[in-house]
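The block underneath contains the structure these notes are about, expressed in structure tokens.
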Amino acid sequence: MNSAATLPKFELFADPVGEKVFAERDEACGICLKSRGWLYVQPHYGPAASDGLAICPWCIHDGSAAARGITFNDAEIYSRFPSTNQMSAEDKALVEQRTPGFETWQGNHWLMCCGRACVYLGEADSTDLLGRWSSAVASLFEDEPDWSEAEKTDLVAHVRKGAGPCAYVFQCRICSQLKGFWDIH
Ligand SMILES: [Zn+2]
Ligand SMILES: [Zn+2]
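All letters in the sequence shown, in the order written, are residues 1000 to 1184 by the working numbering.
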């Protein structure tokens, strides 16, 4: 069994173990056919032959899964931030093909800042949004120009992981600004 410390590091996903996208499993990976102690446990997309396929973190990281036509994140990048340019082909490929996905109710979106794909930090609860990730809050409401401050404060106070209003937080690789979007489970 490999410890979590041996897992590959993902440039755009800060803490896949903490976010429960990898889990300790003895089952062999369907791509490298090795039992490495960890599997990816979130949805993937690809040819029918890949349905239900067990995929290990290493095969995401090194592109072996992508070589089978498997992707992990929404192909249509959600460009909510008018100041950002369209994602480069290189970043888009990294997001879709070599970065683990995370589950949201309406489908995940990968945020951009300074023209680059951001790093996904994780799903927030209200404690995070009032504390370590408070600088992401303003960006949560960029699509809600008509909301009052009271409405925004109320939403933030009710954000929970996996239930009710949820929020997903990213960090820019260039300017370090935190950004996010929210959704309802
Ligand atoms: Zn593998
Ligand atoms: Zn930035």
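We treat Cβ as the ideally placed atom computed from N, Cα and C, and that holds for glycine. This one's a predicted model, so the numbers in the text were calculated from it and none came from an experiment.
C-alpha distance - residue i paired with residue j, whole-angstrom precision
i	j	result
ASN1001	TRP1037	8 Å
ASP1182	GLY1121	14 Å
HIS1108	ARG1131	22 Å
GLN1096	SER1125	31 Å
GLN1041	ALA1066	19 Å
LYS1178	GLU1148	18 Å
ALA1048	ASP1142	38 Å
PHE1021	LYS1151	32 Å
ALA1004	ALA1053	21 Å
PRO1081	CYS1113	Because the pLDDT at PRO1081 is just 47, under 50, the model does not fix this residue reliably, and the value given afterwards should be weighed accordingly. PRO1081 and CYS1113: Cα-Cα distance of roughly 11 Å.
ALA1135	TYR1039	27 Å
GLY1161	ALA1027	28 Å
PHE1012	LYS1033	23 Å
Which listed residue (the options) has its alpha carbon closest to that of residue i
i	options	result
CYS1055	VAL1016, MET1086 and ARG1159	VAL1016
TYR1119	LYS1008, ALA1003 and ALA1004	LYS1008
CYS1031	ALA1088, TRP1057, LEU1139 and ASP1014	TRP1057
GLU1018	ALA1137, CYS1174, ALA1166 and CYS1171	ALA1166
MET1111	GLN1170, ALA1027 and ALA1092	GLN1170
GLY1189	PRO1144, PHE1180 and TYR1044	Past the boundaries of the shown model lies residue 1189; the chain is included only from 1000 to 1184, so the question cannot be answered.
PHE1180	LEU1154, CYS1174 and ILE1173	LEU1154
GLN1186	GLY1029, SER1063, GLY1062 and ALA1116	Any property of residue 1186 remains undetermined from this structure, which presents the chain solely from 1000 to 1184.
PRO1164	ARG1172, GLU1026 and ALA1123	ALA1123
ARG1159	ASP1127, ASP1050, GLU1102 and GLN1105	ASP1127
GLN1176	SER1138, GLU1010 and ALA1156	SER1138
Residues that residue i bridges to, as DSSP identifies them
i	result
GLN1105	BP columns for GLN1105 are empty, so no partner.
ARG941	Nothing about residue 941 can be reported from this structure: the residues present for the chain run from 1000 to 1184 only.
Under the three-state DSSP convention, the category residue i falls into
i	result
ASP1090	helix
TRP1132	coil
ARG1024	coil
THR1005	helix
THR1126	helix
LEU1011	coil
Residue range of the unbroken beta strand (DSSP E) whose run includes residue i
i	result
VAL1118	1118-1123
ALA1137	Where ALA1137 is concerned, there is no enclosing beta strand (DSSP E), although the alpha helix (DSSP H) it sits in stretches over 1136-1139.
LEU1038	1037-1039
VAL1168	1164-1170
LYS1178	1177-1183
First and last residue of the uninterrupted alpha helix (DSSP H) at residue i
i	result
GLU1150	1148-1157
CYS1058	1056-1060
Any non-hydrogen atom of ligand 4 closer than 7 Å to residue i Cβ
i	result
CYS1031	Although ligand 4 was asked about, the structure shown includes only ligand 1 and ligand 2 as ligands.
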